[in-house]
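Read through the structure below, which is laid out as structure tokens, and then see the notes.
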Amino acid sequence: MCKNMDNLNIGGVPLKSHAVLAPMAGVSDRAYRELCVRFGPAYCVSEMVSSKALS
1 MCKNMDNLNI GGVPLKSHAV LAPMAGVSDR AYRELCVRFG PAYCVSEMVS
51 SKALS
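Read in order, the letters of the sequence shown correspond to residues 1 to 55 in full-length UniProt numbering.
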């Protein structure tokens, strides 16, 4: 495991940790979101939406 990691930045904005949460369709139910809030990723993206569902 790497002990010395550079700071993670997105567009010049530094993130407070190296944990990020990717979008995952059909996975982010209430219990999952509560776990994410508890363990606090520095950056997260909401669940994906099908473009067909929006039209």
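By construction, the Cβ of each residue, glycine as well, lies at the ideal position given by its N, Cα and C atoms.
Beta-carbon within less than 6 Å of residue 7's beta-carbon, same chain only, minus the 5 sequence neighbours each way: which residues are those?
Cβ within range, chain order: 14.
Per DSSP, what kind of secondary structure is residue 37 in: helix, strand or coil?
Helix at residue 37.
Are residue 23 and residue 37 touching if we call contact CB-CB under 8 Å?
Not in contact: residue 23 and residue 37 (Cβ atoms no closer than 8 Å).
When the Cα atoms are used, what is the spatial distance from residue 9 to residue 52?
Computed Cα separation, rounded: 33 Å.
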